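Undergrad: Protein sequence lines correspond, in order, to chains A and B. Be aware that the first sequence starts at 12, since it is given in the working numbering, and climbs by one per residue. Be aware that the second sequence starts at 12, since it is given in the working numbering, and climbs by one per residue.
Protein chains: 2
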Amino acid sequence: MHDVARRSGVSVATVSNVMRGRGPVAERTRTRVLEAIDELGYRPNQVARSLKVRSTRTLGVVIPDALNPFHAAIALQVERRAHHDGYAVLVAETENDPALEADQVRALVGRRVDGVIFPAVTEGSAIPGELLDRGVPVVVVSFEGRDARLGTIDIDEGAAMTEVVEHLTGLGHRRIAFASSGQLEESIESRPEALRRALARHGLEPVAMDARPTAVCCTNDIIAIALIDRLERSGRRVPDDVSVVGFDDIPIAAHGRISLTTVHQDAEQMGRLAAELMLKAIAAGGHLATRVAVPAHLIVRGSTGPARAPGGAG
Amino acid sequence: MHDVARRSGVSVATVSNVMRGRGPVAERTRTRVLEAIDELGYRPNQVARSLKVRSTRTLGVVIPDALNPFHAAIALQVERRAHHDGYAVLVAETENDPALEADQVRALVGRRVDGVIFPAVTEGSAIPGELLDRGVPVVVVSFEGRDARLGTIDIDEGAAMTEVVEHLTGLGHRRIAFASSGQLEESIESRPEALRRALARHGLEPVAMDARPTAVCCTNDIIAIALIDRLERSGRRVPDDVSVVGFDDIPIAAHGRISLTTVHQDAEQMGRLAAELMLKAIAAGGHLATRVAVPAHLIVRGSTGPARAPGGAG
DNA sequence: GCGATCTCTTTAAACGTTTCAACCTGAGCC
DNA sequence: GGCTCAGGTTGAAACGTTTAAAGAGATCGC
Numbered sequence: 012m013h014d015v016a017r018r019s020g021v022s023v024a025t026v027s028n029v030m031r032g033r034g035p036v037a038e039r040t041r042t043r044v045l046e047a048i049d050e051l052g053y054r055p056n057q058v059a060r061s062l063k064v065r066s067t068r069t070l071g072v073v074i075p076d077a078l079n080p081f082h083a084a085i086a087l088q089v090e091r092r093a094h095h096d097g098y099a100v101l102v103a104e105t106e107n108d109p110a111l112e113a114d115q116v117r118a119l120v121g122r123r124v125d126g127v128i129f130p131a132v133t134e135g136s137a138i139p140g141e142l143l144d145r146g147v148p149v150v151v152v153s154f155e156g157r158d159a160r161l162g163t164i165d166i167d168e169g170a171a172m173t174e175v176v177e178h179l180t181g182l183g184h185r186r187i188a189f190a191s192s193g194q195l196e197e198s199i200e201s202r203p204e205a206l207r208r209a210l211a212r213h214g215l216e217p218v219a220m221d222a223r224p225t226a227v228c229c230t231n232d233i234i235a236i237a238l239i240d241r242l243e244r245s246g247r248r249v250p251d252d253v254s255v256v257g258f259d260d261i262p263i264a265a266h267g268r269i270s271l272t273t274v275h276q277d278a279e280q281m282g283r284l285a286a287e288l289m290l291k292a293i294a295a296g297g298h299l300a301t302r303v304a305v306p307a308h309l310i311v312r313g314s315t316g317p318a319r320a321p322g323g324a325g
Numbered sequence: 012m013h014d015v016a017r018r019s020g021v022s023v024a025t026v027s028n029v030m031r032g033r034g035p036v037a038e039r040t041r042t043r044v045l046e047a048i049d050e051l052g053y054r055p056n057q058v059a060r061s062l063k064v065r066s067t068r069t070l071g072v073v074i075p076d077a078l079n080p081f082h083a084a085i086a087l088q089v090e091r092r093a094h095h096d097g098y099a100v101l102v103a104e105t106e107n108d109p110a111l112e113a114d115q116v117r118a119l120v121g122r123r124v125d126g127v128i129f130p131a132v133t134e135g136s137a138i139p140g141e142l143l144d145r146g147v148p149v150v151v152v153s154f155e156g157r158d159a160r161l162g163t164i165d166i167d168e169g170a171a172m173t174e175v176v177e178h179l180t181g182l183g184h185r186r187i188a189f190a191s192s193g194q195l196e197e198s199i200e201s202r203p204e205a206l207r208r209a210l211a212r213h214g215l216e217p218v219a220m221d222a223r224p225t226a227v228c229c230t231n232d233i234i235a236i237a238l239i240d241r242l243e244r245s246g247r248r249v250p251d252d253v254s255v256v257g258f259d260d261i262p263i264a265a266h267g268r269i270s271l272t273t274v275h276q277d278a279e280q281m282g283r284l285a286a287e288l289m290l291k292a293i294a295a296g297g298h299l300a301t302r303v304a305v306p307a308h309l310i311v312r313g314s315t316g317p318a319r320a321p322g323g324a325g
């Protein structure tokens with residue numbers, strides 16, 4: 012910047028003015044400065060700027076697993092929307108490990124991100140609260156409101172699970188199980204609870220996986236698809252022997268050979284909304300606690316079918 | 012930091028010393044400072060530090076499509092490795108759009124990333140060169156060396172395609188096509204060329220998709236899997252009517268219902284290598300132009316089978 | 001008892017911006 | 001001609017760190 016100033020015979024303050032487009036600057040000067048800028052290939056140093064204006068124009072996205080297309084899609088949308096407004100995004104993986112999550116968030120705080128988005132927050136985590144205490148706006152996409160100060164993209168899991176249960180019971184299923192990744196640390200999991208409640212309304216209870224369920228609901232599509240593979244490799248056909256339902260509706264779920272009955276969520280919309288909420292909160296200079304609900308509904312495909320021997324043993 | 016200094020009755024320089032763990036500091040002082048630090052919940056401002064030390068400890072990862080699990084896996088590994096060394100990663104999506112790519116890279120330069128990694132670089136892009144000119148180390152994962160100054164994770168597509176062609180011709184296929192995403196802008200695509208050369212060695216030439224090929228090689232697994240779906244929805248069975256081979260070996264390819272014959276690449280290893288190359292280059296203070304080759308080899312699964320009527324018409 | 005030598009600590013100048021207040025320079029006005 | 005006033009421009013102080021160089025006590029040898 013000094014070089015540009017020297018070369019165009021003005022002060023750095025003026026250069027700053029033309030870069031920022033504010034403050035009055037004579038047309039002649041402006042063009043002279045602009046020339047100098049591209050002769051020198053000058054690119055303003057955002058870190059200096061960040062230091063001065065106390066804003067990094069950077070968002071943190073804390074994601075449990077970038078390989079889950081649902082999470083990836085949300086993160087992608089956030090990135091797009093953020094880039095559009097001149098924000099960059101720092102992604103941090105947690106691998107579902109609370110210690111790593113804490114570590115990552117610490118790093119983000121150190122880097123002074125302007126806000127952090129959790130595309131999937133773990134149930135008991137105190138992290139968002141800590142961020143809010145530090146004055147960092149937070150938006151989570153989550154099943155239900157928690158700390159009132161944070162932005163929430165709400166998905167109505169209860170309603171979705173009700174649809175699932177009605178579909179399944181309508182097909183004659185009574186022994187229904189819930190499946191999630193083994194290393195699930197009672198985290199993220201509001202879903203088994205939602206299922207339990209929906210079943211209860213039909214006088215049912217979830218059964219264990221080794222109780223030969225005729226249908227199983229999975230915590231997400233990845234698990235569901237893996238389960239189908241496991242079942243079929245061990246000789247049980249889906250949906251003839253057992254029905255499987257997923258959650259998220261990732262792209263592969265619609266593939267003819269997979270044809271997974273699942274709960275559809277609009278990841279693109281959710282990501283965009285999350286980013287917009289965040290951007291708005293930042294612009295408003297504070298935590299605007301908003302909650303926006305997005306619908307989720309069942310899509311019936313080929314992985315669910317009539318129960319084999321309704322109510323009977325396997 | 013001033014607060015910490017005041018509270019513990021020392022100068023900011025001393026606080027800095029204890030934070031950085033360098034310079035001699037008396038045990039008594041150190042503990043006093045540490046106490047003050049956590050009483051105040053002080054977190055050093057990395058942006059100020061970055062400005063001073065002229066290093067942001069941040070890497071840029073420029074990725075065409077975060078929804079492609081192969082790219083996502085590489086990015087993920089980079090993030091892990093980088094985090095391990097105290098680096099953060101800024102991800103930028105290009106959506107295969109050169110203009111957006113340029114824009115994103117400009118943003119990264121403005122933010123003074125210490126290096127940028129391209130998990131998949133577009134063929135004609137001048138971008139890496141520009142970065143190198145600015146003194147920003149670059150590593151690309153790519154098919155062949157280009158600018159000698161950049162780090163390259165090399166994959167031997169020629170050898171892989173040779174395996175593919177041998178497998179296919181061994182099954183009696185002679186009319187073999189190549190398929191890639193429609194909006195492919197002759198970018199990334201060294202693969203059709205590699206296929207062409209491998210075929211030539213058997214006296215064959217690729218045919219067009221509408222010439223009723225008996226086998227088709229896809230530019231990646233996503234395309235291959237989508238192709239299978241399209242074919243089957245239009246009544247042609249895979250592999251009975253047409254064989255399909257992919258590239259990358261993303262996780263779903265191994266699923267029993269998909270069972271895609273494909274070229275396996277170790278994304279995890281590639282990501283890790285890319286990150287390590289970069290970290291090493293940064294530590295060495297320059298562009299250490301290294302090329303590390305990773306093997307890629309064919310995995311035969313169920314999506315390829317004997318040609319129907321060898322050499323004959325569909 | 002006095003300089004030399006340690007060990008620990010502080011002073012102050014960066015790093016590259018932004019921004020506020022102050023400063024010019026003409027022009028317009030009476 | 002002196003006044004105000006507006007448009008342009010600039011000086012300099014931040015922002016929160018790091019780090020080289022200088023300082024301040026102790027300790028020690030003689």
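By construction, the Cβ of each residue, glycine as well, lies at the ideal position given by its N, Cα and C atoms. Small disclaimer: the values here were computed from a predicted structure and weren't measured.
Could you have a look at T42/B and say whether DSSP puts it in helix, strand or coil?
TA: For the purposes of this step, residue 42/B is identified with residue 31 of the second sequence, where counting begins at 1. It is helical.
Undergrad: Going by the DSSP bridge assignment, what does S153/B pair with across the sheet?
TA: Within the second sequence, the letter at position 142 stands for residue 153/B. Bridge partners of S153/B: D165/B.
Undergrad: Just by C-beta distance, which residues in the segment 262–283 of chain A are closer than 8 Å to chain B?
TA: P262, I263, H266, G267, R268, I269
Undergrad: Of all the alpha helix (DSSP H) runs that stay within the bounds of the segment 29–87 of chain B, which reach a length of 4 or more residues?
TA: List check, alpha helix (DSSP H) in window: 38–51, 57–64.
Undergrad: Is DSSP giving G181/A helix, strand or coil here?
TA: Working through the first sequence from its first residue, we reach residue 181/A at position 170. If DSSP states are grouped into helix, strand and coil, G181/A belongs with the helices.
Undergrad: Among M12/B, M172/B, V36/B, I263/B, which one has its Cα closest to the Cα of V227/B?
TA: Within the second sequence, numbered from 1, the residue matching residue 227/B stands at position 216. Closest by alpha carbon: M172/B.
Undergrad: Exposed or buried, which one is P148/B when buried takes at least 16 other CB atoms within 10 Å?
TA: Taking the first residue of the second sequence as 1, we reach residue 148/B at position 137. By the 10 Å Cβ count, P148/B comes out buried.
Undergrad: Does the Cβ of A318/A have 16 or more other Cβ atoms within 10 Å, making it buried, or fewer, making it exposed?
TA: As a position in the first sequence, residue 318/A is number 307, starting the count at 1. When all chains shown are included, A318/A counts as buried.
Undergrad: Is there a C-beta anywhere in chain B that falls below 8 Å from the one on G257/A?
TA: On the first sequence, residue 257/A is found 246 positions in, with the first residue counted as 1. Answer no: the Cβ-Cβ gap between G257/A and chain B never drops below 8 Å.
Undergrad: Could you have a look at R302/B and say whether DSSP puts it in helix, strand or coil?
TA: Reading the second sequence from its first residue, position 291 is the one you call residue 302/B. It is a strand residue.
Undergrad: Quick check on V227/B: does DSSP put it in helix, strand or coil?
TA: The residue labelled residue 227/B in the question sits at position 216 within the second sequence. Three-state DSSP puts V227/B in a strand.
Undergrad: Verify the CB distance criterion: does I236/A have a CB-CB separation below 8 Å to chain B?
TA: Against the first sequence, residue 236/A aligns to sequence position 225. For I236/A, the nearest beta carbon of chain B is closer than 8 Å to its own beta carbon.
Undergrad: Looking at D259/A: is its Cβ nearer than 8 Å to the Cβ of D232/A?
TA: Residue numbering aside, residue 259/A sits at position 248 when the first sequence is read from its first letter. Residue numbering aside, residue 232/A sits at position 221 when the first sequence is read from its first letter. In terms of Cβ geometry, D259/A and D232/A form a close pair [threshold 8 Å].
Undergrad: Here's a check: name, in chain order, each residue in its chain whose Cβ is nearer than 8 Å to the Cβ of V175/A, leaving out the five neighbours to either side.
TA: Translated into the one-based positions of the first sequence, residue 175/A becomes position 164. Taken in chain order, the residues that qualify are L206, A209, C228, V256, V274, L309.
Undergrad: Measuring CA to CA, which of G296/A, S314/A, A77/A, V127/A is closest to A99/A?
TA: In the first sequence, residue 99/A corresponds to position 88, counting from 1. Checked all of G296/A, S314/A, A77/A, V127/A; the closest Cα to A99/A is V127/A.
Undergrad: Out of A137/A, L238/A, G121/A, H95/A, state which residue places its alpha-carbon closest to the alpha-carbon of R271/A.
TA: Reading the first sequence from its first residue, position 260 is the one you call residue 271/A. The sequence shown places Leu at residue 271/A, rather than the Arg named in the question. Nearest option by C-alpha distance: L238/A.
Undergrad: Identify the continuous alpha helix (DSSP H) that holds E216/A and give its terminal residues.
TA: Position 205 of the first sequence, counted from the first residue, corresponds to residue 216/A. First-last for E216/A: undefined, no H or E at that position.
Undergrad: State the DSSP-derived secondary structure class of E197/A, mapped to helix, strand or coil.
TA: Within the first sequence, residue 197/A is the residue found at index 186, counting from 1. Note on E197/A: pLDDT 44, under 50, position unreliable in the model; the coordinate value appears next. Residue state, collapsed to three classes: coil.
Undergrad: Does the structure place the segment 164–171 of chain B close enough to the segment 138–145 of chain B that three or more beta carbon pairs sit under 8 Å?
TA: no
Undergrad: Buried or exposed, going by whether 16 or more other CB atoms sit within 10 Å of the CB of A137/B?
TA: Taking the second sequence and counting its residues from 1, one reaches residue 137/B at position 126. Under this definition A137/B is an exposed residue.
Undergrad: May I ask you to verify whether the segment 66–85 of chain A touches the segment 37–53 of chain A, counting CB pairs closer than 8 Å and requiring at least 3?
TA: no
Undergrad: Counting only beta-carbon separations shorter than 8 Å, does P55/B have a partner in chain A?
TA: Translated into positions along the second sequence, residue 55/B becomes position 44. Closer than 8 Å to some Cβ of chain A, the Cβ of P55/B qualifies, so yes.
Undergrad: Does I128/B come out as helix, strand or coil in the three-state DSSP assignment?
TA: Your numbering for residue 128/B matches position 117 in the second sequence. When DSSP states are grouped into helix, strand and coil, I128/B belongs to the strand group.
Undergrad: Pairs of beta-carbons, one from the segment 86–95 of chain A and one from the segment 280–292 of chain A, closer than 8 Å: are there three or more?
TA: yes
Undergrad: For I164/A versus S191/A, is the C-beta distance shorter than 8 Å?
TA: Mapped onto the first sequence, residue 164/A falls at position 153. Mapped onto the first sequence, residue 191/A falls at position 180. Result no, Cβ atoms of I164/A and S191/A do not sit closer than 8 Å.
Undergrad: Tell me, to the nearest whole angstrom, how far the beta carbon of H13/A is from that of V29/A; I am working on the premise that it is less than 8 Å.
TA: Reading the first sequence from its first residue, position 2 is the one you call residue 13/A. Reading the first sequence from its first residue, position 18 is the one you call residue 29/A. Rounded, the Cβ-Cβ distance is 15 Å, inconsistent with contact.
Undergrad: Only counting the same chain, and skipping five residues up and downstream in sequence, which positions put a Cβ closer than 7 Å to that of A287/A?
TA: Counting from one through the first sequence, the residue named residue 287/A turns up at place 276. Looking at the sequence itself, residue 287/A is Glu, so the reference to Ala does not match. The answer, listed in chain order, is R92.
Undergrad: Compute the Euclidean distance between the alpha carbons of I263/A and R268/B, then round it to the nearest angstrom.
TA: As a working mapping, residue 263/A is identified with position 252 in the first sequence. As a working mapping, residue 268/B is identified with position 257 in the second sequence. Whole-angstrom Cα-Cα distance: 12 Å.
Undergrad: Which residues, in order along the segment 163–188 of chain A, keep a beta-carbon less than 7 Å from a beta-carbon of chain B?
TA: Listed in sequence order: no entries.
Undergrad: For D221/B, is the classification buried or exposed, using 16 other Cβ atoms within 10 angstroms of its Cβ as the cut-off for buried?
TA: Residue mapping note: residue 221/B aligns to position 210 of the second sequence, counting from 1. It counts as exposed.
Undergrad: Looking at V21/A: is its Cβ nearer than 8 Å to the Cβ of T40/A?
TA: Reading the first sequence from its first residue, position 10 is the one you call residue 21/A. Reading the first sequence from its first residue, position 29 is the one you call residue 40/A. Yes, these two residues count as a Cβ contact at 8 Å.
Undergrad: Going by C-alpha to C-alpha distance, which of V305/B, P306/B, T301/B, V311/B sits closest to D158/B?
TA: On the second sequence, residue 158/B is found 147 positions in, with the first residue counted as 1. It is T301/B.
Undergrad: Is any beta-carbon of chain A found at less than 8 Å from that of R41/B?
TA: Within the second sequence, the letter at position 30 stands for residue 41/B. No, its Cβ sits nowhere closer than 8 Å to a Cβ of chain A.
Undergrad: Quick check on the burial criterion: 16 or more other C-beta atoms within 10 angstroms. Buried or exposed for S19/B?
TA: On the second sequence, position 8 is the one that residue 19/B refers to. Burial call: buried.
Undergrad: For V102/B, name the three-state secondary structure that DSSP assigns.
TA: As a working note, residue 102/B is residue 91 in the second sequence. Strand at V102/B.
Undergrad: With a CB to CB cut of under 8 Å and the five nearest residues on each side skipped, what residues in its chain are close to E50/B?
TA: Along the second sequence, read from residue 1 onward, the residue named residue 50/B stands at position 39. Hits under 8 Å: R18.
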